[in-house]
Amino acid sequence: MSINDFLAILPVLVVLVTGVLVMVADVFLPEGRKGIAALLSGLGLAAGLGAALAAVPSTGTAFAGMVVADGFSLFLDALFAAVGLVGIGLAYDYFKRMRLQRGEYYTLLLFSIGGMMLMGHANDLVMFFLALELLSIPLYILSGFFRARLASQEAALKYFLLGAFSSGFVLYGIAMVFGGTASINLEGIVAAVRDGSANLTFLLVGAALLVVGFAFKVSAVPFHAWTPDVYEGAPSPLTGFMSSATKAAGFAALIRLLLVVFPALGENLAPVVSGLAALTMIAGNLIALVQTNIKRLLAYSSIAHAGYLLIGLVAVNSSAAGDAVAAMLFYLVGYAIANLGAWSVVVAAEQAEGRGLELEDYSGLGRKYPWLGVAMLVFMLSFIGVPLTLGFWGKLYLFRVALESGLFGLAVIGIAASLVSAYYYLRVVVYMFFRDGEGVARRDVWLNLIAIGSAAAVVLMALVPGDLLQVAAQAVLRVP
Amino acid sequence: MPLSYYLILSAIMFLIGILGVLLRRNPLIMFMSLELMFNAANLAFVAFAAYHQALSGQLFVFFVMTVAAAEVAVGLALMVAIFRTRHTIDVDELSMLQG
């Protein structure tokens, strides 16, 4: 163990150490001054973001092959730290308003972000498992953060039971992969597959169970049942954070694992992932059509977007694997920005005791608060994939990769599903601008900043999509 | 004993665990079933570790046990919180969210 090992995962360490510091500092913070915990966490995440941006991708491994620090993992580090910063911005005013400003929220959020970052760095199945649990367990607690609110408790218990259920699948999958290859290190697995000593039956069972386990995490249909309930019951700022970041972490794990097993098992696994992608796109968008609660609507929207991303995952099993990963990273960034923006509007419109979350409550909001309304319009257009938004380029790159790797059917389903999605996304905007209502929204400087900043980012970054894709394309994975 | 005996037992345990989580309505029983799934994986790990003469499988079991303990702590705390407000933990009674 040398200093270089620690430098390889410096962003993760910064975030986790900040988490511990905030936990200790919180004890000494007087009631009513808990905002300092938010400030400290924000500083820690900013430091983590800086460390991730400044780090130089390496081609080697660290900690005896346990972790890597390639461009892919550093890209995700930066993404998670940035999403976490916005997540704190969403939470700060919200919990003050709900009279629940507690330091624990930020500590647990930081631990979860640390787990997500570690997921991108993992190069050994032990690390995948530990990162998965490190990111999940704090989220179970945070979902139930409104201790006295029944919906929040229910969300936490459901998330916990189904999350642990999916961990069970991941674990059994790892056991089978170990049984098939006598190794839990990605290098060892690849070596066993290459020299023919691997038992492909065990490896296939293991890989399939791993796909199922992580499909729960990214909420792919038919493993999505927990998503709407948890998203509805959990505190809104957490849901905004969770839907952007957990999805990215789940896909990071899936990309790295499938890159390892696809060469041996591509023809068995690719159809399964294709099926998941098609089902997720179709079911996610269709069920979203009938939602009247904005949190559930955005939950099904997040399921639908997982479906589009799964197309990219299928394309990883082709000669265009590099393009597919770049397109997925691009899409994840575009989705995270628009999604956090949309959730900032939801947080602003939510009233105490969980009121203000029905679409009816959004009537007239857009006319009363034009900036908020226009921002929401931009996010919804980006979700649909209308040109001049980041979402359009994200979908264009994904579908282009799909066509390059011969996935015509999935690309067609994706385009059709996007057209269907226009109905429910635009319905939100119609409510905001063309209905009369008494809706009120919170005017908070951080929420406004996030809403307007994200909207600006969605529009401005869409002007230079090629450069951004270039950045994503340079975030290369170290192939073991 | 051949490897397959252990694997068959572990697969049976895993299936019982899955069925328990899906069919039982008491969170505590669901909880036990989850532990059964984890321990099924542990059994497979040690069986494979002995078969392959590879230590990493046995090491993994320790990680699983510690993580499972952390998970149990969180899960039981959630149930206590729910029981305090509602005086029941039956999952069918938890129907505020339309699921």
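One line per chain: the protein sequences are A and B, in this order. Going by our numbering, the first sequence opens with residue 1, and the numbers climb by one from there. Going by our numbering, the second sequence opens with residue 1001, and the numbers climb by one from there. Glycine is no exception: its CB is placed at the ideal position from the N, C-alpha and C atoms.
Check: In terms of residue numbering, what span does the alpha helix (DSSP H) encompassing A/THR59 cover?; Outcome: Counting along the chain, A/THR59 falls outside any alpha helix (DSSP H), and DSSP gives it neither H nor E.
Check: Taking 8 Å as the CB-CB limit, is B/THR1088 close to chain A?; Outcome: no
Check: Looking only at DSSP bridge pairs, what is A/ASN185 linked to?; Outcome: A/ASP124
Check: List the endpoints of the continuous alpha helix (DSSP H) containing A/HIS305.; Outcome: 294-315
Check: Hey, quick one: how far does the alpha helix (DSSP H) through B/HIS1052 stretch, first residue to last?; Outcome: 1027-1052
Check: When you compare the CB of B/ALA1050 with every CB in chain A, is at least one pair closer than 8 Å?; Outcome: no
Check: Short check: CB of A/GLY373 to CB of A/TYR335, under 8 Å?; Outcome: no
Check: Hey, is A/PHE111's beta-carbon within less than 8 Å of any beta-carbon in chain B?; Outcome: no
Check: In whole angstroms, what separates the C-alpha of A/VAL345 from that of A/LEU39?; Outcome: 22 Å
Check: Ordered along the chain, which non-local residues of its own chain (more than five positions away) have a Cβ less than 7 Å from that of A/LEU468?; Outcome: PHE330, MET461
Check: Which runs of the alpha helix (DSSP H) spanning at least 4 residues fall entirely within the stretch 83-127 of chain A, listed in chain order?; Outcome: 103-121
Check: Taking the continuous alpha helix (DSSP H) assigned at A/ALA64, which residues delimit it?; Outcome: From DSSP, A/ALA64 is part of no alpha helix (DSSP H); its letter is neither H nor E.
Check: Can you list, in chain order, the residues of the stretch 229-255 of chain A whose Cβ is nearer than 9 Å to any Cβ on chain B?; Outcome: ASP229, VAL230, GLU232, GLY233
Check: When the Cα atoms are used, what is the spatial distance from B/PHE1048 to A/PHE214?; Outcome: 23 Å
Check: Flag this pair as yes or no: are the beta carbons of A/VAL212 and A/PHE169 separated by less than 8 Å?; Outcome: yes
Check: Does any C-beta atom of chain A lie closer than 8 Å to the C-beta of B/MET1032?; Outcome: no
Check: Return the chain-ordered list of same chain residues with a C-beta closer than 6 Å to the C-beta of A/LEU125, the five sequence neighbours on each side being excluded.; Outcome: ILE174, ILE184
Check: Taking only the alpha-carbon atoms, compute the straight-line gap between A/VAL428 and A/ALA208 and give it to the nearest angstrom.; Outcome: 38 Å
Check: Helix, strand or coil, according to DSSP, for A/GLU353 in the structure here?; Outcome: helix
Check: Considering only residues of the same chain and omitting the five flanking positions on each side of A/LEU390, which have a CB-CB separation below 6 Å?; Outcome: GLY334, SER382, VAL458, MET461, ALA462
Check: To be precise: take each residue of the stretch 140-151 of chain A, compare its Cβ to all Cβ atoms of chain B, and keep it if any distance is under 8 Å. Which residues remain?; Outcome: TYR140, ILE141, GLY144, ARG147, ALA148, LEU150, ALA151
Check: In chain B, which residues lie less than 8 Å from A/ALA481 when you measure between Cβ atoms?; Outcome: Nothing about residue 481 of chain A can be read from this structure; chain A reaches only from 1 to 480.
Check: Which residues in the same chain have their Cβ closer than 8 Å to the Cβ of A/ALA151, if we skip the five residues on either side of it in sequence?; Outcome: GLU232, GLY233, GLY354
Check: Just how far apart, CA to CA, sit A/LEU13 and A/GLY188?; Outcome: 26 Å
Check: Is the stretch 1010-1017 of chain B close to the stretch 134-142 of chain A, with three or more CB pairs under 8 Å?; Outcome: no
Check: Can you name, in chain order, every residue of its own chain whose Cβ lies under 6 Å from the Cβ of A/GLU404, other than the five neighbours on each side?; Outcome: ALA320
Check: Put A/GLU438 into one of helix, strand or coil per three-state DSSP.; Outcome: coil
Check: Rounded to the nearest angstrom, what separates A/ALA164 and B/GLY1020 at their Cα positions?; Outcome: 13 Å
Check: Determine the DSSP secondary structure at B/GLU1071, reduced to helix, strand or coil.; Outcome: helix
Check: At the 8 Å Cβ level, is A/GLU104 part of the contact set with chain B, yes or no?; Outcome: no
Check: Spell out whether any CB of chain B is found under 8 Å from the CB atom of A/GLN153.; Outcome: yes
Check: Across which residues does DSSP place A/GLU358 in a beta bridge pair?; Outcome: A/ASN293
Check: Taking Cβ positions, are A/LEU477 and A/ASP77 nearer each other than 8 Å?; Outcome: no
Check: Residues of chain A with a CB under 9 Å from the CB of B/MET1037: which are they?; Outcome: ALA164, PHE165, SER167, GLY168, PHE169, LEU171, TYR172
Check: For B/PHE1014, return the contacting residues in chain A, with the cut-off set at a CB-CB distance below 7 Å.; Outcome: TYR172
Check: Using three-state DSSP, classify A/PRO30 as helix, strand or coil.; Outcome: coil
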